[in-house]
Structure formats: structure tokens, C-alpha cells
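For reference, the structure is listed below as C-alpha cells.
Numbering (our numbering), first residue to last: 127 to 418.
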């Protein structure tokens with residue numbers, strides 16, 4: 127077992143392990159650590175804890191110190207510099223007529239590097255831009271192209287649910303989301319209704335996916351022939367969350383529809399009737415573009 131502390135550098139960012147050595151560091155404390163990018167300031171989200179060695183990415187870097195008041199003042203100055211650097215970079219992008227959108231600027235704590243995050247539709251030749259920025263700031267410059275989901279994670283916002291975006295608040299890494307998940311949950315396949323602020327499928331489609339898969343495994347398909355307490359019938363509708371099905375009873379004289387819990391029925395022939403796609407599908411290609 128190895129004693130570590132978990133450190134984040136951004137809200138809802140990935141957690142990295144560091145060696146606290148003899149320091150006992152509480153959750154919420156700001157610390158100065160050495161990373162692959164240089165010396166940085168982060169905040170502790172996991173206090174001193176023993177973890178198995180296989181969970182560690184070697185070599186485990188050490189916590190340099192708990193941040194002092196001087197460190198926090200220096201960090202505040204860096205935040206001001208980042209805003210100035212953002213404006214300067216925007217001007218240079220316009221001067222070079224580059225088709226790119228600047229998203230964020232980040233100074234390392236020791237000011238040895240400035241990172242500029244941007245989005246673009248394709249590859250961008252930003253060599254001249256880097257030269258200009260290096261001449262102005264006289265330090266190492268790194269331009270990093272990110273995707274639209276990362277852009278939204280950095281910028282934040284409010285989702286259609288009225289809450290802060292999950293990716294900005296607590297999701298530290300993205301999981302694949304597919305149209306199949308929306309179909310299995312019986313959601314409208316209208317791109318405007320199942321896509322998030324980033325223009326991709328909403329991350330929350332994945333939250334209950336396993337529960338829907340478990341229920342679907344026990345449910346008959348639409349069109350299946352089933353035996354009910356009142357006789358055989360054909361499944362006409364499926365209510366996943368209620369775990370019920372609407373069955374058309376095979377009564378020649380008086381055919382009617384009745385609802386049964388899946389525990390009350392037995393599947394005789396689970397053959398799905400070929401169904402047309404939902405009426406509100408606007409463009410299948412547009413839906414496929416939402417996947418990431």
C-alpha cells in the first residue's frame with residue numbers, strides 16, 4: 127500500500143495522486159505540486175489515504191508544500207495575467223486570420239509555460255501565432271486543440287434540466303453515449319431534445335442505462351405473443367419504468383386492451399414486429415453526428 131493524496135487542478139477535473147511524504151493534508155487544502163507541465167497549484171479532494179500500488183502511475187511525484195498566502199497571491203496574479211493573455215491571443219488570431227475559437231488560457235504556477243486552449247473544425251497551422259506569442263510573453267507557449275465537449279466542460283453553463291452542467295460540476299471524464307441508449311429509454315429521437323449544450327448527446331443518457339438494460343432483458347418485445355392470467359394476447363405497448371405491458375387480448379367477440387405487470391405474464395413467442403422509426407426523427411445522419 128502507498129500513502130497518497132488526490133489533487134485536482136480544475137473544477138470536476140481528473141484526480142491525480144501525489145506523495146504527501148510527512149505532510150497530513152486535509153480535504154480542501156491548496157498545495158503546490160510538480161506535474162509534467164511544471165509546478166502547479168491544485169486543491170486536495172482526497173486526504174491522506176493508502177491505496178494499492180497497482181493504482182499508482184509511477185513515478186509518484188511529491189507534494190512540494192501546502193500553499194502559503196504568498197502562493198495564493200501569486201496564483202491570483204496569474205489569473206489576472208490569463209485574462210490579459212486571452213485578449214492578446216484573440217487579437218493575434220484575428221491578425222493571422224486563423225479559423226479557430228480561443229476557449230481558455232492557463233498559466234502554470236511557476237510561469238514557465240502558458241497554455242492556450244482552442245477549438246477548430248480541422249487542423250490549424252498556428253506556427254506564426256506561436257512565434258508572436260512567444261515574443262510577447264517570453265516563455266514557453268503551448269496551443270492545445272480540444273473538442274466541443276471539453277469546451278463546454280471548461281466554459282460551464284445550465285442544462286435543459288435547469289441545473290449546472292454535469293461535465294462542469296462533477297464529471298471528471300467523459301463516457302461514450304450512443305443513440306441506442308436514447309432508443310432503449312423510449313426518448314424522442316429529435317436531435318434538439320437529446321443533445322446538450324455541446325451539441326453532442328447528453329451525458330445523463332448514460333446514468334440510468336444499466337437499469338433500462340436490466341429491465342429490457344426481462345420485458346417482451348412489442349408484438350410478442352404472451353400468456354396472461356386472462357388468456358393469450360399480443361403486446362401492443364411497453365411501459366419500462368412501470369414494468370408493465372399493454373396486451374391486446376385474443377377475444378374474437380370482444381377484443382380489448384389490458385395492462386399486466388411483467389411478473390403476471392409468460393412469453394409464448396417473443397417476435398418483434400418490424401416497426402418504423404419514431405415519427406419525430408428528423409435526420410438519421412444528424413443523430414449519428416451527436417455521438418461522441
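Ideal Cβ placement from N, Cα and C applies to all residues, glycine included.
Closest to residue i by CA distance: which of the options is it?
| i | options | result |
| --- | --- | --- |
| residue 328 | 285, 216, 161 and 169 | 285 |
| residue 232 | 386, 209, 157 and 245 | 209 |
| residue 354 | 146, 281 and 395 | 395 |
| residue 315 | 180, 289 and 416 | 416 |
| residue 193 | 154, 219, 213 and 178 | 154 |
| residue 300 | 331, 159 and 320 | 331 |
| residue 235 | 199, 384, 361 and 357 | 199 |
| residue 326 | 343, 143, 230 and 279 | 279 |
| residue 152 | 195, 144, 131 and 142 | 131 |
Once the 5 residues before and after residue i are set aside, which same chain residues still bring their CB inside 6 Å of it?
| i | result |
| --- | --- |
| residue 176 | 127 and 129 |
Measuring straight from C-alpha to C-alpha, what distance separates residue i and residue j?
| i | j | result |
| --- | --- | --- |
| residue 166 | residue 174 | 19 Å |
| residue 306 | residue 248 | 28 Å |
| residue 270 | residue 298 | 19 Å |
| residue 215 | residue 275 | 22 Å |
| residue 322 | residue 277 | 12 Å |
| residue 238 | residue 334 | 44 Å |
| residue 160 | residue 222 | 35 Å |
| residue 220 | residue 226 | 9 Å |
| residue 137 | residue 340 | 33 Å |
| residue 351 | residue 393 | 6 Å |
Can you look up residue i in the DSSP assignment and give me helix, strand or coil?
| i | result |
| --- | --- |
| residue 185 | coil |
| residue 391 | coil |
| residue 352 | strand |
| residue 204 | helix |
| residue 212 | helix |
| residue 145 | strand |
| residue 374 | strand |
| residue 313 | coil |
| residue 400 | Annotation note: pLDDT 45 at residue 400 (below 50); position unreliable, no value reported. |
| residue 384 | strand |
Ends of the beta strand (DSSP E) at residue i?
| i | result |
| --- | --- |
| residue 167 | 164-177 |
| residue 232 | 227-233 |
| residue 293 | Not the beta strand (DSSP E): residue 293 falls in the alpha helix (DSSP H), residues 292-295. |
| residue 135 | From DSSP, residue 135 is part of no beta strand (DSSP E); its letter is neither H nor E. |
| residue 243 | 239-245 |
Which residues mark the beginning and the end of the alpha helix (DSSP H) in which residue i is found?
| i | result |
| --- | --- |
| residue 278 | 274-281 |
| residue 307 | 305-310 |
| residue 256 | 253-263 |
| residue 317 | 317-320 |
| residue 341 | 335-344 |
Considering only residues of the same chain and omitting the five flanking positions on each side of residue i, which have a CB-CB separation below 7 Å?
| i | result |
| --- | --- |
| residue 312 | 366 |
| residue 224 | 250, 252 and 255 |
| residue 364 | 345, 348 and 371 |
With a CB to CB cut of under 8 Å and the five nearest residues on each side skipped, what residues in its chain are close to residue i?
| i | result |
| --- | --- |
| residue 204 | 233, 235 and 237 |
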